[in-house]
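Asker: Sharing a structure below in structure tokens format, with a few things to ask.
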Amino acid sequence: MASTLTDLSAVRQSIETALGLPNAHYTDPRLHAEESQALLLDGWSGLAVTADVPEPGDAVPIEFLGIPLLLLRDRSGQVRVFQNICRHRGMILVSEPRRIEGAIRCPYHSWCYSTEGRLVATPHVGGPGHNAHDAVNRSELGLIEVRSHIWREVVWINVSGTAPAFEDANARLIERWAEFDQPLYHGGPDSAFRLDVNCNWKLAVENYCESYHLPWVHPGLNSYSRLEDHYHIQEPGLFSGQGTLVYRQLTGEDGRTFPDFPGLSAKWDTAAEYIAAFPNVLLGVHRDHAFAIILRPEAQDRTSEHIHLFYAAPDTDSDLRARNTEQWKLVFEEDVFVVEGMQRGRAAPGFDGGHFSPAMDGPTHLFHDWVAQRLIARRDRPAAE
Ligand code: FES
Ligand SMILES: [Fe+2]
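Under UniProt numbering, the first residue of the sequence shown is numbered 1, with each subsequent residue one higher.
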């Protein structure tokens, strides 16, 4: 049993004496499975962005923690997530991203589903030429829908269906960034990229939420946004991150900039914030653009990072946009060697989970504590399985 594998009491200590999560939480597939359930499936996880399915009928199959899902924009324009399986014999319905014209037809025996998930056709199910059978009740055999919610153009899912409503679970974060609660426009194909990293997904979170590493890992960024210009963001049990007081807008040769999000308070003239929305979404906000990084755990030691940039207007300068994407790509690539290095470090039997700087590692310790608290709560539940 995974639950007997690790002792998490040291993780839950105050930061001065706490240790980080034990090695097995980064290397052992059994712990990965336990965490997948407790941290990702039981809560609200990021899956994709709405721009992945821009038009009605667009469908993208996504495997999330090994579960075959189908991200879909239905006829009415609503983004939905289904389990990507036919209710007949469990065949995978959609195996490549495509636009559904008409219905979703299972490639095996051609049962058909509407984009809202209703089972609409069952050819020959009652024998040749008979497309109905009393024992096959179409109204009960629609696609299995996964609970989903759109916030900041991210498609969040709660696979277990047991989490509190998204707005309740994330109330503090929604409130903190209420000023940014306005239309976000994805920059399009030049504003999305993917990085594949050889590390456990948690290491990407742990690295993202602290600014301690900036001087050494991001010398370019650090040249104008120094360590002392940053502050910690810490909401125990909810989220953590960092902010800067000296955000500088990207400026084109002709002095052009991206349009600002309207109505922001003066603080945001020079501030920007970077928050890890637990479990797996890394968000950034600035006066003139925002981004979301969705971490998809591919295995206990592999993660795909899906980065998307958003703007305050549907049409922005494409050269400037490309430069912005390039700039962020450089920054996120600079982080790869440390998250992969920490992953390799977890093979050292002498590593005890690590020690935190009480001054600098607060946001990272907060995440470790959140993980431990969620796992302990689930282990303590009598019928937890
Ligand atoms: S498995 Fe889909 S129609 Fe038979
Ligand atoms: Fe970094």
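Heads up, the beta-carbon is just placed ideally off N, CA and C, and yes, glycines get one too.
Round the Cβ separation of Gln-234 and Leu-366 to the nearest angstrom and send it over; I've been treating them as touching at under 8 Å.
Answerer: The Cβ separation is near 5 Å, so the contact holds.
Asker: Considering only residues of the same chain and omitting the five flanking positions on each side of Phe-351, which have a CB-CB separation below 8 Å?
Answerer: Excluding residues within five positions, the ones whose Cβ falls inside 8 Å are Asn-23, Gly-345.
Asker: For Leu-39, count neighbouring Cβ atoms within 10 angstroms of its own Cβ and tell me buried if that reaches 16, exposed if not.
Answerer: When all chains shown are included, Leu-39 counts as buried.
Asker: Compute the distance between the beta-carbons of Leu-5 and Arg-30, then report whether it is under 8 Å.
Answerer: In contact: Leu-5 and Arg-30 (Cβ atoms closer than 8 Å).
Asker: Indicate whether the contact test is met: 3 or more Cβ pairs, each with one atom in the stretch 195-207 and one in the stretch 303-316, closer than 8 Å.
Answerer: They touch, by the three-pair rule.
Asker: Is it right to say Val-94 is buried, meaning 16 or more other beta carbons lie within 10 angstroms of its own, or is it exposed?
Answerer: It is buried - the Cβ of Val-94 has at least 16 other Cβ atoms within 10 Å.
Asker: Where do the N-terminal and C-terminal ends of the beta strand (DSSP E) with Asn-231 fall, by residue?
Answerer: A quick correction: the sequence has Tyr, not Asn, at residue 231. Looking at the DSSP string, the run of the beta strand (DSSP E) that includes Tyr-231 is 230-235.
Asker: Please state whether DSSP places Phe-278 in a helix, a strand or coil.
Answerer: Of the three classes helix, strand and coil, the one that applies to Phe-278 here is coil, per DSSP.
Asker: So for residue 403, helix, strand or coil by DSSP?
Answerer: Any question about residue 403 goes unanswered here, given that the chain covers just 1 to 385.
Asker: For Gly-263 and Gln-373, which I take to be in contact (beta-carbon distance under 8 Å), what is that distance rounded to the nearest angstrom?
Answerer: Their Cβ separation, rounded to whole angstroms, is 37 Å, which puts Gly-263 and Gln-373 out of contact at 8 Å.
Asker: Can you give the beta carbon distance from Val-285 to Trp-177, rounded, assuming they're within the 8 Å contact cut?
Answerer: At roughly 6 Å, the Cβ-Cβ gap stays under 8 Å, so Val-285 and Trp-177 are in contact.
Asker: When DSSP labels each residue in this structure, what does Tyr-224 get in the three-state scheme?
Answerer: The answer is coil: DSSP assigns Tyr-224 none of H, G, I, E or B.
Asker: What first and last residue would you give for the beta strand (DSSP E) that runs through Glu-305?
Answerer: That run of the beta strand (DSSP E) goes 302-311.
Asker: What do you get for Gln-343, buried or exposed, if any count of 16 or more other CB atoms within 10 angstroms of its CB means buried?
Answerer: The residue is buried, with at least 16 neighbouring Cβ atoms inside 10 Å.
Asker: Would you kindly work out how many angstroms separate the C-alpha atoms of Ala-51 and Asp-317, rounded to a whole number?
Answerer: The straight-line gap from Cα to Cα measures roughly 19 Å.
Asker: With burial defined as no fewer than 16 other Cβ atoms inside 10 Å of the residue's Cβ, what is the status of Gln-327: buried or exposed?
Answerer: Gln-327 should be labelled exposed.
Asker: Beta-carbon separation of Val-197 and Val-336 under 8 Å?
Answerer: Their beta carbons are under 8 Å apart, which means Val-197 touches Val-336 by this criterion.
Asker: Quick one: does the C-beta of His-124 sit closer than 7 Å to a heavy atom of ligand 1?
Answerer: Flag unset: Cβ of His-124 not near ligand 1.
Asker: Do Pro-123 and Ser-114 come within 8 Å of each other at the CB atom, strictly closer than that value?
Answerer: No, the pair does not count as a contact, with Cβ atoms beyond the cut-off.
Asker: Around the Cβ of Ser-76, are there at least 16 other Cβ atoms within 10 angstroms (buried) or fewer (exposed)?
Answerer: The residue in question, Ser-76, is exposed, as its Cβ has fewer than 16 Cβ neighbours within 10 Å.
Asker: Tell me which residue opens and which closes the beta strand (DSSP E) that Pro-54 is part of.
Answerer: Here Pro-54 belongs to no beta strand (DSSP E), and DSSP marks it neither H nor E.
Asker: Helix, strand or coil for Ala-103? Go by DSSP, reduced to three states.
Answerer: Three-state DSSP puts Ala-103 in coil, outside helix and strand.
Asker: Hey, Ile-319 and Gly-255: beta-carbon distance below 8 Å or not?
Answerer: In the sequence on display, residue 319 carries Asp and not Ile. No, Cβ-Cβ distance for Asp-319 and Gly-255 is not below 8 Å.
Asker: Between Ser-160 and Leu-41, which are expected to be in contact by the criterion C-beta below 8 Å, what is the C-beta distance as a whole number of angstroms?
Answerer: The Cβ separation is near 5 Å, so the contact holds.
Asker: For the beta strand (DSSP E) containing Asp-196, name the first residue and the last one.
Answerer: Asp-196 -> beta strand (DSSP E) spans 192-197.
Asker: For Val-136, does the three-state DSSP call read helix, strand or coil?
Answerer: Three-state DSSP puts Val-136 in coil, outside helix and strand.
Asker: Looking at the strands, I want to know which residues DSSP matches up with Phe-337.
Answerer: For Phe-337, which the question treats as bridged, DSSP gives no partner whatsoever.
Asker: Specify, as a first and last residue, the run of the alpha helix (DSSP H) that residue 387 falls within.
Answerer: Here the chain covers residues 1 to 385 and nothing more, so residue 387 does not appear.
Asker: Under 8 Å, do Asp-260 and Val-246 count as touching if we go by C-beta distance?
Answerer: Not closer than 8 Å, so no.
Asker: Have a look at Arg-98, Phe-258, His-232 and flag the residue whose alpha-carbon is nearest the alpha-carbon of Tyr-274.
Answerer: Of Arg-98, Phe-258, His-232, the residue nearest in Cα terms is His-232.
Asker: Roughly how many angstroms lie between the CA atoms of Ala-290 and Tyr-108, to the nearest whole one?
Answerer: Each residue's alpha carbon lies about 43 Å from the other.
Asker: With a 10 Å radius around its C-beta and 16 neighbouring C-beta atoms as the bar for buried, classify Ser-357 as buried or exposed.
Answerer: It is exposed - the Cβ of Ser-357 has fewer than 16 other Cβ atoms within 10 Å.
Asker: Compute the Euclidean distance between the alpha carbons of Trp-156 and Gly-46, then round it to the nearest angstrom.
Answerer: Their Cα atoms are separated by approximately 4 Å.
Asker: For Glu-385, count neighbouring Cβ atoms within 10 angstroms of its own Cβ and tell me buried if that reaches 16, exposed if not.
Answerer: Note that Glu-385 scores 49 on pLDDT, short of 50, meaning its location in the model is unreliable; the coordinates nonetheless yield the value given after this. Result: exposed.
Asker: Name the residue from Asp-28, Val-146, Gly-57, Asp-134 whose alpha carbon lies nearest to the alpha carbon of Ile-85.
Answerer: Of Asp-28, Val-146, Gly-57, Asp-134, the residue nearest in Cα terms is Val-146.
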